[in-house]
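Residue numbers (our numbering): 2 to 132.
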């Protein structure tokens, strides 16, 4: 299983330095701290839910050594609630992966520059999209 080096900080989890991603299905995955198995995050592939594009912050590009030809993925953290439909997705703080060098970082997007994205959008708001 591929390990990814965390560059910068995954907010709220400052000590997480290496993670693995375990794919559950096309939408959901878990991101687990390699050094502390008690720390894991549920993440989603945003492109399965909506049109999703953003201006990648230059500091993230530098941290991850991203250039025009880089193979990059983005995920969003889910705050899991019961029932699952009440869970929320943070589209303003994507997890960015440079698949070429196996480095990962969290970007914090400015809401004023991405007014179509939300910090806490419920999964049930996407039910009409066949989820």
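Where a beta carbon is used, it is the ideal one built from N, C-alpha and C, also for glycine.
Quiz item: In terms of alpha-carbon separation, which member of 95, 88, 69 lies closest to residue 115?
Solution: 95
Practice problem: Note down the Cα distance separating residue 35 from residue 75, rounded to an integer number of angstroms. | Solution: 20 Å
Quiz prompt | Nonlocal neighbours in the same chain, by C-beta distance under 6 Å from residue 41, ignoring five residues either side | solution = 31, 33
Quiz item: Taking C-alpha atoms, which residue in 47, 18, 61, 93 lies nearest to residue 26?
Solution: Taking only the C-alpha atoms, the option nearest residue 26 is 47.
Exercise. Determine the contact status of residue 97 and residue 80, defining contact as a CB-CB distance below 9 Å.
Key: Not in contact: residue 97 and residue 80 (Cβ atoms no closer than 9 Å).
Quiz item: Per the contact definition of three or more C-beta pairs closer than 8 Å, is the region 10-22 in contact with the region 105-114?
Solution: yes
Quiz prompt | Whole-angstrom distance between residue 93 and residue 126, CA atom to CA atom | solution = If you take the alpha carbons of residue 126 and residue 93, they lie about 17 Å apart.
Quiz prompt | Cβ-based burial, residue 38 [other Cβ within 10 Å; buried from 16] | solution = exposed
Exercise. Could you check the C-alpha separation between residue 86 and residue 112 for me, to the nearest Å?
Key: About 24 Å.
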